[in-house]
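Student: Questions regarding the structure given below will be posed in turn.
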Ligand code: GLN
C-alpha cells in the first residue's frame, strides 16, 4: 500500500477520534480499496466483563431498576413489562449504547419511553445491543455476547440483540429496539418473535443516539403482532423535541378493530427479495403467503428490483455516522441529537475512541466520503431514490408486499465476519429503511427447527396496513 493511502486513512481516523495502530489502519485502508474482500475478525466476547446489575441467562439486559417503574396502572399497556434498547434515554439508568466508550445517566425519558409509561407499561430496564447499533449478529457488545434463547449455537441477531432475546426468553413482554438497516427485524427473526420497524419519522427519536438519521427508527419487539401494534400506536406522533417527527398519530384503541379485518387487501410477492434468498427459505415463506387467500386477501406476483440497495445502505449508514462523529452527535436538519446531555456524552465517547468494531465499519465509507467529495454517498443515495420510485410503482398495483425477513436461517456463532456475510441478514431489510416504509417481521414457520420469518411492507405512514398484513401472516403461520 502506498504511504499516501495510509496517511489519508490516518487523517480520517484522527479527525473522527480513533487512535489506531498503523497495521490496523493499513488493513482497513486495503479493505476500503476492494469492496468484497474485507476481512473482519470475529471477536466473540466472553460475557465476563459486564459488571452490570441485571444477570439474566441470555445477557439480554444491562442496567435495570431495583423496582420496575410504573407511572399509572391504567392504560392500554397496563401490566405490560418493557425493556428499552440501550441507545434510548431512560431516566436514572446508565446508558452505554453497547460500547465501553459511552457512559451517561440521562436525567430524562425519551418520548418513546414516557409514552409507554403513560399508557401503563412497567419499565424494567435497558437491553444489551451491538456497539452504536452496528452489527447484525449480537456478538459484539462490549458488555458481552447475547445468547439466542431458541438456540445458543445460533446468533441472536443484531443490533437490538438484547431486546429480541429478552422477549423471546419471556423476561419482558415488549422491548424497544432501533432499526437503521434491519436491527429490529433481524434479531426478531433470529429469536422467533415479532419485530415492528415503523415508517421513518413516525416515532419521535429525541433521546436516541442516532446511527444514520435518514434511516433510523425506534420500534417495538413483542411476542405477538397485537401487542407490538399497541406499543407502536402509543409511541407514534409528533414531539417538538424531534424536528423530524411527522404529525401522524395513531389511535391505540383502534388497533384491535383493524388488525383482524384484512378482507379485500391485495398483497404482492416481489421477485428479487425471494430470488436472492436461500431457496428453502423462499419456498417456505411463499407457501405461507399463499395461505393469505384463505383470509380474503388477494396474493399476486409483482416485479421489484432491489438493485444494489444492500450495498447502498452500507455506504449511507456509515457515512452518516461519520458525520455524527465529526459533529458531536448532530447532523443538522436530520439528526435528533439535540439533547445537550446526549451530545456531551457522545463527544466524550468520540474523544475516548469508539473502538475497533466501530472503526472497521465506519472508516472505509468515511475515507471514501472524504476522498471523493461525497460522490460515493451521492451515488448510494441515487440508488436508494431509484429503488423508492420502483417501490412506489409496485404500491400502485398492490396494498402491501411480503418478503422473507432474512435470506437465510440464523447463522451460527462466529460465521458472520465479512461485509458480504451481512447481506443474507440485511439484504431484504435495509432497502425498506432507505424507502422509509413500515416493515413488520413475523415468524411464520420453521426449517430444521430454526425460525423463518416474513416481513410485511406497506407505503410510508401506512403502518396500520403493514400490521394488518403481519397479523394475517401470524394467523396463517404454522
Ligand atoms: N445490523 C445492521 C448493521 O449492522 C443494521 C444496523 C441497524 O439497523 N442499526 O448495519
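Residue numbers (the working numbering): 750 to 1227.
Quick reminder that beta carbons are idealized off the backbone N, C-alpha and C, glycines included.
Just so we're clear, the structure is a prediction, and the values are computed from it rather than from any experiment.
Compute every distance between the C-beta of residue 883 and the non-hydrogen atoms of the ligand GLN, then say whether any falls below 7 Å.
Tutor: Within the cutoff, so yes.
Student: Is it the case that the region 1189-1205 contacts the region 1018-1036, given that we only count it when at least three CB pairs across the two stretches are under 8 Å?
Tutor: Yes: at least three Cβ pairs fall under 8 Å.
Student: Should residue 1146 be labelled buried (16 or more other beta-carbon atoms within 10 Å of its own) or exposed?
Tutor: Its Cβ having fewer than 16 others within 10 Å, residue 1146 is exposed.
Student: Cutting at 8 Å between CB atoms, please list the residues of its own chain near residue 1120, excluding the five before and the five after it.
Tutor: If we look at residue 1120 and ignore the five residues flanking it on each side, its Cβ neighbours are 757.
Student: If I follow the unbroken alpha helix (DSSP H) through residue 1135, where does it start and stop?
Tutor: Element bounds for residue 1135: 1124-1146.
Student: Got a sec, what are the start and stop residues for the alpha helix (DSSP H) residue 1062 sits in?
Tutor: Run containing residue 1062: 1058-1075, per the alpha helix (DSSP H) assignment.
Student: What beta strand (DSSP E) runs, 3 residues minimum, are completely inside the region 802-868?
Tutor: With a minimum length of 3 residues, the continuous beta strand (DSSP E) runs that stay inside the region 802-868 are 810-819, 830-834.
Student: Would DSSP call residue 784 helix, strand or coil?
Tutor: Low local confidence applies: a pLDDT of 43 at residue 784 is under 50, so the model's placement there is unreliable, and no value is given.
Student: Less than 8 Å between the CB atoms is what I'm expecting for residue 885 and residue 846, so what's the real figure, rounded?
Tutor: Not really, about 16 Å apart at Cβ, beyond 8 Å.
Student: Along the alpha helix (DSSP H) that carries residue 935, what are the first and last residues, could you check?
Tutor: Where residue 935 is concerned, the enclosing alpha helix (DSSP H) stretches over 934-940.
Student: Buried or exposed: residue 950, going by 16 or more other Cβ atoms within 10 Å of its Cβ?
Tutor: With 16 or more other Cβ atoms within 10 Å, it is buried.
Student: Just to check my reading of the structure: residue 829 and residue 920 have Cβ atoms closer than 8 Å, yes? What is that Cβ distance to the nearest angstrom?
Tutor: Not a contact, Cβ separation roughly 13 Å.
Student: Whole angstroms is fine: what's the gap from residue 753's alpha carbon to residue 779's?
Tutor: Whole-angstrom Cα-Cα distance: 12 Å.
Student: Output the distance between the C-alpha atoms of residue 1008 and residue 843, rounded to the nearest integer angstrom.
Tutor: Between residue 1008 and residue 843, the C-alpha separation is close to 37 Å.
Student: Flag this pair as yes or no: are the beta carbons of residue 877 and residue 809 separated by less than 8 Å?
Tutor: Yes, they are a contact pair.
Student: Just to confirm my understanding: we take residue 868, look at its own chain, exclude 5 residues before and 5 after, and list those with CB closer than 6 Å. What are they?
Tutor: Cβ within range, chain order: 824, 825, 826, 983.
Student: How would you label residue 1134, buried or exposed, when you count the other beta carbons within 10 angstroms and need 16 or more for buried?
Tutor: Residue 1134 comes out exposed.
Student: In whole angstroms, give me the CA-to-CA distance for residue 1014 and residue 1111.
Tutor: Distance between the alpha carbons of residue 1014 and residue 1111 is about 42 Å.
Student: Which residue's Cα is closest to the Cα of residue 936: 962, 972, 1100, 952?
Tutor: Cα-wise, what sits closest to residue 936 is 972.
Student: Nearest-angstrom Cα distance between residue 835 and residue 822?
Tutor: Each residue's alpha carbon lies about 25 Å from the other.
Student: Please identify the residue among 1074, 1026, 1067 whose C-alpha is closest to the C-alpha of residue 1055.
Tutor: Cα-wise, what sits closest to residue 1055 is 1026.
Student: For residue 961 and residue 1109, I'd like the C-alpha separation in whole angstroms.
Tutor: Their backbone Cα atoms lie some 16 Å apart in a straight line.
Student: Mind checking residue 774: buried by the 16 CB within 10 Å criterion, or exposed?
Tutor: Residue 774 is buried by the Cβ-count criterion.
Student: Within 7 Å: the Cβ of residue 931 and any heavy atom of the ligand GLN?
Tutor: The answer is yes for residue 931.
Student: Between which two residues does the alpha helix (DSSP H) holding residue 1120 run?
Tutor: Element bounds for residue 1120: 1105-1120.
Student: Check whether the Cβ atoms of residue 1044 and residue 1011 sit closer than 8 Å, and answer yes or no.
Tutor: Going by C-beta atoms, residue 1044 is nearer than 8 Å to residue 1011.
Student: Taking only the alpha-carbon atoms, compute the straight-line gap between residue 799 and residue 1049 and give it to the nearest angstrom.
Tutor: Since pLDDT at residue 799 reaches only 33, below the 50 mark, its modelled position is unreliable, and no value is offered.
Student: Can you tell me the Cα-Cα spacing of residue 941 and residue 1100, whole angstroms?
Tutor: So the alpha carbons of these two residues sit roughly 38 Å apart.
Student: Which of helix, strand or coil does DSSP assign to residue 905?
Tutor: Residue 905: coil per DSSP, three-state reduction.
Student: If you compare alpha carbons, which of 856, 1179, 819 is closest to residue 1152?
Tutor: The option with the nearest alpha carbon to residue 1152 is 1179.
Student: If you draw a straight line from the alpha carbon of residue 924 to that of residue 831, how long is it in whole angstroms?
Tutor: Whole-angstrom Cα-Cα distance: 5 Å.
Student: To the nearest angstrom, how far is it from the Cα of residue 795 to the Cα of residue 1042?
Tutor: Because the pLDDT of residue 795 is 31, which lies under 50, any placement of that residue in the model is unreliable, and the number read from its coordinates should be weighed accordingly. Going by the C-alpha atoms only, they are around 47 Å apart.
Student: Taking DSSP as the reference, what is the three-state secondary structure of residue 1204?
Tutor: In this structure, residue 1204 counts as strand in the three-state DSSP scheme.
Student: Please name the residue or residues paired with residue 1225 in a DSSP beta bridge.
Tutor: DSSP, once it has assigned bridges, lists no residue as partnering residue 1225.
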